[in-house]
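Below is one structure; the comments refer to it alone.
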Amino acid sequence: MVAGAVGTFTVGAAQRLPLAPVLPGHIGTLHHPIRTSRAEVQRLFDQGLTLYYGFNRDPSRQSFERAAALDPAAAMPLVGIALALGPNINVDPTSDEIRAACASARKAAAVASVATERAYAEALSVRYCGKSGVPDAAAYVGALESLQRQLTGDVDAKVLYAESLLLLRLRSPTQQETLITVLESVLRTHPTHVGANHYYIHAVEGSSTPERALKAAKRLETLVPASGHLLHMPSHIYTRTGAYDASIASNISATAADLAYLRHNPPSADAAMSYMHDLESLAVAAGFAGRLAQATQTAREINRVEAGMAGQSAERLFTPALAFVLLRFGAWDEVLQLPDSDARELPSVMMSHFARAVASAKVGKTAQADDERRAFQQAARGLPKDELYRGNSTGDAIALFAAVLDARFAADTVEAIAAWRRAVAIQDRFAYHEPPPFYYPVRESLGAALIDAARHAEAERTFREDLSRNKRNGRSLFGLWQALAAQKREREAERAHQDFLRAWSSSDVTVTLAQF
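Each residue of the sequence shown is one higher than the last, beginning at 1 in this note's numbering.
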């Protein structure tokens, strides 16, 4: 028996077997041979490992649980259960999951009939069964380093070793280099390994050279059509390299797979959050591409899902995602038509007042704008500043919102530019996160303010700097075009104009500096 908050199953002829997940789509071709006499157990193990590599925790665990029930003498399904109950870069396990993972790893070690499978179980016991009651990440790295040295021909041992490095909260430069080296060595010999491609994207996406993972991104478009998260992963690289339409396409495929899974399986918080994540990434990419209809449709779907999770009407629920899409496109009046936020959700309340303050200021409703700004400040004071918000401190996020309001409420251009520079400095300190902590690159607004002040050379530098960070950002290309044209640099301005037209080719809106 394996028990806990994660579920209970008992192996026995009179007992109902755990159900495997329903996967509407091809699960890929990954194969890791295990010691079992049953082909169905092998199939379920391969399915579970594929889903594990795709951060699909619930269906991965369910696949392993059914395999373990079908062959109680097989060790590797129990190893799989222990893996699936553990952390990934998005999720930390509960205490019940840690206890269940430890029990499963120990049972796997006890039933293993071959040394290689016992070695996997023992490595996971090191991870979960320490006295602290939390996974020992450093000890697990050491155990998996030894495992992959011991099992030199086992590609999954290498990929799991790389994953253990990826999961370290703080990696040293040497550990980061090792992570990339291991994954690149796997991809040279096993270019379609789903875990290696997935983890390689995570390993390099926040670096200065994310294009290294373009081949991995392309492969993940088709490797596992049943996994929404794996279909979404290419968008991390496409957005970082300025291929916004490709990012949109990846996330559309991902959300379709997410919905198919949700329709065919019992309710799952993990699956719902994965769907929400893919929707948010879709909205971000559509914002960069200037595709208002796509961005708005996506934000309204986020609103619908959040309302369903909160048991509220979508028409009466404020959703930051929708407000930020409308702000991104300068739809000030539409922002002011959004419903009030639920007063119990302080972050949402703060963002609601922020959005209304910006929109009110832009349409000249000064008194309303002042009221909304004061309400924003009151809500912000009630938030803990030391918690994390999208990989960064809540305090820094609040400071950025506040600096943007300072700029929007500035009495003159000089004051506005100073506030925009503060906002840029705060945003530059943010660690990489997908989706980003703030809804747009504020250098766009700084550049527009500099043009408004006829400081065109500074505006040019500002837009060029943004383009070094946000490749092919259509708004910054537009701003660069305007800054160069104002300096009478016609040939360079025309090149920027053509770059803008290419970047904006799928857009359904006309861009103006007033929207910045």
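All residues carry an ideal CB built from backbone N, CA and C; glycine is no exception.
Q.
Taking the straight line between their C-alpha atoms, what separation do you get for E65 and G25?
A. In the sequence shown, counting from the first residue as 1, residue 65 sits at position 65. In the sequence shown, counting from the first residue as 1, residue 25 sits at position 25. So the two alpha carbons sit approximately 21 Å from each other.
Q: Name the two residues that bound the continuous alpha helix (DSSP H) containing C102.
A: The sequence position of residue 102 within the sequence shown is 102, counting from 1. Note, C102: alpha helix (DSSP H), 95 to 111.
Q. How is the alpha helix (DSSP H) around N197 delimited, first residue to last?
A. Working through the sequence shown from its first residue, we reach residue 197 at position 197. Where N197 is concerned, the enclosing alpha helix (DSSP H) stretches over 194 to 204.
**Q.** Helix, strand or coil at N392 according to DSSP, with G and I counted as helix
**A.** Mapped onto the sequence shown, residue 392 falls at position 392. Residue state, collapsed to three classes: strand.
Q. When the Cα of H456 is compared with those of C102, S476, N470, A486, which residue comes out closest?
A. Locating residue 456 in the sequence shown gives position 456, where the first residue counts as 1. Ranking C102, S476, N470, A486 by Cα distance to H456 puts A486 first.
Q) How many Å lie between A375 and E211 at the Cα? A) Looking up residue 375 in the sequence shown gives position 375. Looking up residue 211 in the sequence shown gives position 211. Near 43 Å, if we compare the C-alpha coordinates of E211 and A375.
Q) Of the choices R328, D333, L501, Q337, whose alpha-carbon is the least far from that of F318? A) Working through the sequence shown from its first residue, we reach residue 318 at position 318. Ranking the options by Cα distance to F318, first place goes to Q337.
**Q.** Given A139 as reference, the closest of D270, A68, G311, E122 once Cα atoms are compared
**A.** As a first step, residue 139 is located in the sequence shown; it is residue number 139 there, counting from the start. The residue with the shortest Cα to Cα distance from A139 is E122.
Q.
Any contact between the segment 468 to 482 and the segment 262 to 272? By contact I mean 3 or more CB pairs, one from each, below 8 Å.
A. Judged by Cβ distances under 8 Å, the segment 468 to 482 makes no contact with the segment 262 to 272, as fewer than three pairs qualify.
Q. Closest by CA to D544, which one among M350, L513, R464, A514?
A. No information on residue 544 is available, as it lies outside the stretch 1 to 516 that the chain covers here.
Q. Does DSSP put V284 in a helix, in a strand, or in coil?
A. Residue numbering aside, residue 284 sits at position 284 when the sequence shown is read from its first letter. Note: V284 maps to helix in three-state DSSP.
Q: Would you mind sorting T10 into buried or exposed? The rule is 16 or more other CB atoms within 10 Å of its CB.
A: For this step, residue 10 is matched to residue 10 along the sequence shown. With a pLDDT of 35 at T10, under the threshold of 50, the modelled position of that residue is not reliable, and the figure given next carries that caveat. Exposed is the call here.
Q: Output yes or no for whether 7 Å exceeds the beta carbon distance between A359 and V325.
A: Position 359 of the sequence shown, counted from the first residue, corresponds to residue 359. Position 325 of the sequence shown, counted from the first residue, corresponds to residue 325. Not a contact, by the Cβ cut-off of 7 Å.
Q: Look at L523 and F438 and say whether their C-beta atoms are less than 7 Å apart.
A: Lying outside 1 to 516, the shown extent of the chain, residue 523 is not represented and no answer is given.
(Q) I'd like the list of long-range same chain contacts for L166, defined as Cβ closer than 7 Å, with 5 residues on each side in sequence excluded. (A) Locating residue 166 in the sequence shown gives position 166, counting from the first residue. These residues qualify, in order along the chain: I89, L179, Y199, H202, A203.
Q. Mind checking whether L279 and T296 have CB atoms under 7 Å apart?
A. Taking the sequence shown and counting its residues from 1, one reaches residue 279 at position 279. Taking the sequence shown and counting its residues from 1, one reaches residue 296 at position 296. No, Cβ-Cβ distance for L279 and T296 is not below 7 Å.
Q: Could you say which of A321, S172, E490 lies nearest to R304 if we only look at CA atoms?
A: Numbered from its first residue, the sequence shown carries residue 304 at position 304. For R304, the nearest C-alpha among the options comes from A321.
**Q.** Cα-Cα separation between M233 and A367, rounded to whole angstroms
**A.** What you label residue 233 is simply residue 233 of the sequence shown in a count that begins at 1. What you label residue 367 is simply residue 367 of the sequence shown in a count that begins at 1. Going by the C-alpha atoms only, they are around 45 Å apart.
Q: State the Cα-Cα distance for the pair V442 and L17, rounded to the nearest angstrom.
A: In the sequence shown, counting from the first residue as 1, residue 442 sits at position 442. In the sequence shown, counting from the first residue as 1, residue 17 sits at position 17. Those two C-alpha atoms are separated by around 54 Å.
Q) Do I27 and Q42 come within 7 Å of each other at the CB atom, strictly closer than that value? A) The residue labelled residue 42 in the question sits at position 42 within the sequence shown. The residue labelled residue 27 in the question sits at position 27 within the sequence shown. Not a contact, by the Cβ cut-off of 7 Å.
Q | Inter-residue CB distance, A101 and A82 (contact presumed, cutoff 8 Å) | A | As a working mapping, residue 101 is identified with position 101 in the sequence shown. As a working mapping, residue 82 is identified with position 82 in the sequence shown. Confirmed, Cβ separation roughly 4 Å.
Q. DSSP three-state call for M276: helix, strand or coil?
A. Numbered from its first residue, the sequence shown carries residue 276 at position 276. M276 falls in the helix class under three-state DSSP.
Q) Distance, Cα to Cα, D406 vs L282? A) As a position in the sequence shown, residue 406 is number 406, starting the count at 1. As a position in the sequence shown, residue 282 is number 282, starting the count at 1. Their Cα atoms are separated by approximately 29 Å.
Q: Use the C-beta contact count for S208: other C-beta atoms within 10 angstroms, 16 or more gives buried, fewer gives exposed.
A: To locate residue 208, count along the sequence shown from 1; it is residue 208. S208 is exposed by the Cβ-count criterion.
**Q.** Reduced DSSP category for M233 - H, G, I as helix; E, B as strand; rest coil
**A.** Along the sequence shown, read from residue 1 onward, the residue named residue 233 stands at position 233. DSSP places M233 in coil when its eight states are reduced to three.
Q) Relative to the C-alpha of A75, which residue among L151, S104, E492, H497 is closest? A) Numbered from 1 along the sequence shown, position 75 holds the residue referred to as residue 75. If we check each option's Cα against that of A75, S104 comes out closest.
Q.
Output needed for S60: all residues of its chain with C-beta closer than 6 Å, excluding positions within five of it in sequence on either side, in chain order.
A. The residue given as residue 60 occupies position 60 in the sequence shown. Only G48, L51, Y52, A84 meet the Cβ criterion.
Q) How would you call K107, buried or exposed, if buried means at least 16 neighbouring beta carbons within 10 angstroms? A) Your numbering for residue 107 matches position 107 in the sequence shown. Burial call: buried.
Q. G86 to E163, Cα distance in whole Å?
A. In the sequence shown, residue 86 corresponds to position 86, counting from 1. In the sequence shown, residue 163 corresponds to position 163, counting from 1. Whole-angstrom Cα-Cα distance: 12 Å.
Q | G86 in three-state terms, based on DSSP | A | In the sequence shown, counting from the first residue as 1, residue 86 sits at position 86. The answer is coil: DSSP assigns G86 none of H, G, I, E or B.
Q) Going by the beta-carbon positions, is the gap between G287 and R328 smaller than 7 Å? A) By 1-based counting over the sequence shown, the position of residue 287 is 287. By 1-based counting over the sequence shown, the position of residue 328 is 328. Result yes, Cβ atoms of G287 and R328 sit closer than 7 Å.
Q: Spatial neighbours of S247 within its chain, please: CB distance less than 6 Å, with the 5 preceding and 5 following residues excluded, ordered by chain position.
A: To locate residue 247, count along the sequence shown from 1; it is residue 247. Counting only Cβ-Cβ distances below 6 Å, and skipping sequence neighbours, we find S235, Y238, T239, A285.
(Q) Measuring alpha carbon to alpha carbon, tell me which residue in E372, L70, T222, P435 is nearest F409. (A) Stepping through the sequence shown from its first residue, residue 409 is reached at position 409. Ranking the options by Cα distance to F409, first place goes to E372.
Q) When we look at the beta-carbon of H31 and count the other beta-carbons within 10 Å, is it buried (16 or more) or exposed? A) For the purposes of this step, residue 31 is taken as residue 31 along the sequence shown, with counting starting at 1. So H31 ends up on the exposed side.
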